[in-house]
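Structure first, commentary second.
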Amino acid sequence: MSQLAEAQKSQRLEFVTLVAGGQNFCIEIKQIREIRRWTPVTVLPHSPDHVLGVINLRGAVIPIIDLAAKLGFAKITPTERHVIIIAVEDKIIGLLVESVSEILGVDADNVRETPRSPEDMTTRAILGIIPLGDEMTKVISLTALMAPSHPVAA
1 MSQLAEAQKS
11 QRLEFVTLVA
21 GGQNFCIEIK
31 QIREIRRWTP
41 VTVLPHSPDH
51 VLGVINLRGA
61 VIPIIDLAAK
71 LGFAKITPTE
81 RHVIIIAVED
91 KIIGLLVESV
101 SEILGVDADN
111 VRETPRSPED
121 MTTRAILGII
131 PLGDEMTKVI
141 SLTALMAPSH
151 PVAA
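Take the sequence shown: its position 13, counting from 1, is numbered 13 in the numbering used here, and each next residue is one higher.
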């Protein structure tokens, strides 16, 4: 086995685990800028159901997404116990979640492929699954999560 193949096999990944819609998810730690308590948002008219509004974060206007609603679960009714994860992919977004649990370190080869059919759009935001004992934690792809649901006409 080449050194490159060995290095890739033993690559260690770190994720922040969270709960949204009563389900376990995680996001790669390098995509997270900060984790903060819930604060009220400024509602934007005519925005999709999963967009709660925007907050002012040190001069930047950040959209806040209800992660559970975006993934097809029941909307979260925010309280002071909920958490906003400020994440960065192409742009900065805030994700409302029920809770943040821990930092999870796993070898890259422990992340399993998400079972799906080729046309399955419901699981496109799930990059992979990490089995942890009897539980399964789903790895969120922020790129796929924030992709438009419908193609934009030219």
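We put the beta carbon where it would ideally sit given N, CA and C, even for glycine.
### Query
Buried or exposed: which applies to Val83, given that a residue is buried once 16 or more other Cβ atoms fall within 10 Å of its Cβ?
buried
### Residue interval of the alpha helix (DSSP H) (run including Leu67)
Leu67 to Lys70
### Integer Cβ distance of Leu13 from Val106, believed to fall under 8 Å
6 Å
### Task
Decide if Gly94 is buried, meaning its Cβ has at least 16 other Cβ atoms within 10 Å, or exposed.
buried
### Query
Is Val139 buried or exposed, if buried means 16 or more other CB atoms sit within 10 Å of its CB?
buried
### Query
Can you tell which of Ala69, Asn24, Phe15 and Gln11 has its C-alpha closest to the C-alpha of Asp134?
Asn24
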